[in-house]
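Below you'll find the structure, written out as structure tokens, and then a few comments.
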């Protein structure tokens, strides 16, 4: 089993050494002297759990910048047109590019909803990251698609048994308005039977929410609840347009909610995310970046900053979403949702951590490290990322990043050419 | 005269060379072959005008992180208490730290409102940056202070003649509710007589705005207009709580308005900045970071991203604040306000520019450089900053930064100790 020893790193303001063996943190203390395959110098560094990005579409990373400053209708048309040109190389290198960017910005783990997840699994495996890849139902009521997607889901589930242990299989219901009732129920049942994570978009836009109420007479949350979807294994992305009853349902069921603040802002979907109310009701609140087609990057630290600033502003309360809760939303809450014993820097936890380099103007004064990290620095302060006990980045360098940049650039150019035609 | 030649850099998507001599850009074209003291390799780089930060309190950089997640009243108490401990070393090294951070994030020029501007001038001079330092009136109606501040303003103005040409002198009226009418009028008159920039906080919070209306029966903007303050030489920071009449007055007078979005959000002052309306009325809209006591960093690129996201969200219009307007707000609009022939990359313009390194995942696809720069990258992509024809940063390194970090850290620790007592 490989081992890592980190010497003299700050953890919650105290200097310590951290010893990692295999996939977990084995010891944290002063003056650990033991052999290790890798010894890292933690001076001027602080350790934090690595981030968990709870909602993205990593294969869409090559959509970055192709439809800027557009009204939503034109944006959707542009994205859907672009999706018709996708092929396996684009998914593979788009996902590799996503993984490289996530590692560079301190994320070890992500929950993904996209197509060709066998290709994505190969890309994630090659990157060294941890991920929950979900097979995505989107049938638009088409009966043939309903059948083929069920078959495909079962086939992918079987295939997922060959994936490395750090890559998990889950099921996505794209949204309450894009999947037939029959398949929503089938997916929920399949997830229940196999103890899988379920993933869905929920009440992202006002229009979609109002259309649902008109058609069904209840909110999307109430209808999904009546279909038995809510619960600790459900990840509900966006969840922007909720009423008090929805918040109660999500809270009582212990559902995980993902706040995709930058995407919500950029696409003008909404900004009054009910953080306090969801937290108080008992929901598990996490954060995500969404895909690069909507919010351009996969940077969770930046996402956390925007999330907190926005809560403070629209609530007119500068004490809203304080730093410890903010960091929990970006780390341990996501780990819990995915059934992982991680998201914390503690003995026995998964060795999914980052080292933050504090040797820059952004960390002076050294009075409040968390505030400096979230509100002052940019994500280039993240020096080292360890996932599953393996160093994925050190000194800001990721092994093999040149190849990823070269290949992603090449395929991105090909993709952009096709779109322009 | 020193000279710089930048070879093979992207400017608006076209490869070119840029020749700088003395303080200005002399030639832009293909294949410029000429001797230069410094030759920079522009491959994988894009050139942009350097940022202009139109509102900050640079001496407050050592206040970073000392009062987080606090309600406004506690925040003000903490800041005012901290200010009683300020001394010249803290101002000098706080300002040097501010300058270092601004250079690192692509800013060449800033407008400043703080105390001991002779000390600040020394710090800015030593940093190589360009700045508008304003003498700040804040008398709270105290008659003795009114007199001494007028004397001090005249003394500083005389002293400013010894400053380097890139450091300019202006006058600040702290705010319409903190300065006596007599001194508001005196400051405006002094600025008019000597052709100086005037600077003020305007309608930052709802409470301050409503209190003004109750006391005077008109808005702060209307009252300042009646006192003859509005005009192209006035910089009005925040300007969040404006009615239609205020917007018309600011527009017709060509006043410069500064949007300090991160500070507005973090202190929960407001978020509905009237960008479209101010622009359409004829105001000169710029951006600022405010001081690090309120918004923690001095990063204009990040500020621009937040500003655009927020406009899109609260207007429910994803096409709001498009990229070209956004970049103008961060560059040329600020230069114009300060009377500078800069903020553009053109022959004859001041050589205040930055080179952006695009060799990272954030710039793939290479389809929309501006979107990648603002929405995808973080500010560590800024590789080179040139101010007044002098290279202040190259390869992400600023000459003498170690000394600034060491000294700022030392004085910051001393400051934090005092505050804690």
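Protein chains in written order, with this note's numbering: chain A, 204 to 624; chain B, 204 to 624.
Here a beta-carbon is modelled for each residue, glycine too, at the ideal position from N, C-alpha and C.
State the DSSP-derived secondary structure class of residue i, mapped to helix, strand or coil.
i: residue 260 of chain A; result: coil
i: residue 589 of chain B; result: strand
i: residue 442 of chain A; result: coil
i: residue 338 of chain B; result: strand
i: residue 397 of chain A; result: helix
i: residue 560 of chain B; result: strand
i: residue 333 of chain B; result: strand
i: residue 311 of chain A; result: strand
i: residue 238 of chain B; result: coil
i: residue 215 of chain B; result: coil
i: residue 288 of chain A; result: coil
i: residue 364 of chain B; result: coil
i: residue 321 of chain A; result: helix
i: residue 280 of chain B; result: helix
i: residue 243 of chain A; result: strand
i: residue 379 of chain B; result: coil
i: residue 614 of chain B; result: helix
Output, in chain order, the set of chain A residues within a Cβ distance shorter than 7 Å of residue i.
i: residue 503 of chain B; result: Residues of chain A passing the Cβ test: none, with the nearest at roughly 12 Å.
i: residue 583 of chain B; result: 581, 583
i: residue 474 of chain B; result: 516, 517
Assign residue i to buried or exposed, taking buried as 16 or more other Cβ atoms, counted over all protein chains shown, within 10 Å of its Cβ.
i: residue 331 of chain B; result: buried
i: residue 352 of chain A; result: buried
i: residue 283 of chain A; result: exposed
i: residue 429 of chain B; result: exposed
i: residue 279 of chain A; result: exposed
i: residue 357 of chain B; result: exposed
i: residue 414 of chain B; result: exposed
i: residue 613 of chain B; result: exposed
i: residue 469 of chain A; result: buried
i: residue 204 of chain A; result: exposed
i: residue 245 of chain B; result: buried
i: residue 431 of chain B; result: exposed
What in chain B is Cβ-close to residue i, meaning under 9 Å?
i: residue 465 of chain A; result: 508, 512, 578
i: residue 569 of chain A; result: 268, 612, 615, 616, 619
i: residue 440 of chain A; result: Result: empty, since nearest Cβ-Cβ is about 17 Å, beyond 9 Å.
Which chain A residues sit within Cβ distance under 9 Å of residue i?
i: residue 404 of chain B; result: Those within 9 Å of residue 404 of chain B in chain A number zero; the least Cβ separation is about 17 Å.
i: residue 565 of chain B; result: 267, 304, 307, 499, 500, 502
i: residue 520 of chain B; result: 274, 471
i: residue 558 of chain B; result: By Cβ distance, chain A contributes nothing, its closest Cβ being about 16 Å from residue 558 of chain B, past 9 Å.
Less than 8 Å between the C-beta atoms of residue i and residue j, yes or no?
i: residue 207 of chain B; j: residue 240 of chain B; result: yes
i: residue 533 of chain B; j: residue 558 of chain B; result: no
i: residue 449 of chain B; j: residue 489 of chain B; result: no
i: residue 526 of chain B; j: residue 312 of chain B; result: no
i: residue 553 of chain B; j: residue 591 of chain B; result: yes
i: residue 377 of chain A; j: residue 405 of chain A; result: no
i: residue 234 of chain A; j: residue 220 of chain A; result: yes
i: residue 461 of chain B; j: residue 513 of chain B; result: no
i: residue 373 of chain A; j: residue 335 of chain A; result: yes
i: residue 328 of chain B; j: residue 370 of chain B; result: yes
i: residue 548 of chain A; j: residue 289 of chain A; result: no
i: residue 582 of chain B; j: residue 504 of chain B; result: yes
i: residue 524 of chain B; j: residue 538 of chain B; result: no
i: residue 522 of chain A; j: residue 274 of chain B; result: yes
i: residue 495 of chain B; j: residue 264 of chain B; result: yes
i: residue 457 of chain A; j: residue 491 of chain A; result: no
Taking 8 Å as the CB-CB limit, is residue i close to chain E?
i: residue 606 of chain A; result: Absence of chain E from the displayed structure is noted, the protein chains being A and B.
Under 8 Å Cβ-Cβ, which residues of chain B neighbour residue i?
i: residue 633 of chain A; result: Because residue 633 of chain A is not part of the residues shown, which for chain A are 204 to 624, the question remains open.
i: residue 575 of chain A; result: 267, 268, 499
I want to check one thing, is the minimum distance from the CB of residue i to the heavy atoms of the ligand ADP below 7 Å?
i: residue 551 of chain B; result: Of ligands this structure carries none, so the ligand ADP is not represented either.
Name the chain A residues whose beta carbon is nearer than 8 Å to that of residue i?
i: residue 300 of chain B; result: 564, 567
i: residue 468 of chain B; result: 512, 513, 515, 516
(request) Select from the stretch 267 to 295 of chain B all residues with a C-beta closer than 8 Å to any C-beta belonging to chain A, and list them in chain order. (result) 267, 268, 269, 271, 272, 273, 274, 275, 278
(message) Short of 8 Å Cβ to Cβ, which residues in the stretch 608 to 621 of chain B face chain A?
(response) 608, 611, 612, 615, 616, 618, 619
(request) Would you list, in chain order, the members of the stretch 342 to 354 of chain A that have their beta-carbon closer than 7 Å to a beta-carbon of chain B? (result) none
(request) Select from the stretch 244 to 259 of chain B all residues with a C-beta closer than 8 Å to any C-beta belonging to chain A, and list them in chain order. (result) none
(message) To be precise: take each residue of the stretch 210 to 223 of chain B, compare its Cβ to all Cβ atoms of chain A, and keep it if any distance is under 8 Å. Which residues remain?
(response) none
(request) Scan the stretch 525 to 554 of chain A for residues whose Cβ lies nearer than 9 Å to a Cβ of chain B and list them as they occur along the chain. (result) 525, 526
(request) Output, in sequence order along the chain, the residues in the stretch 393 to 418 of chain A whose CB is closer than 7 Å to any CB in chain B. (result) none
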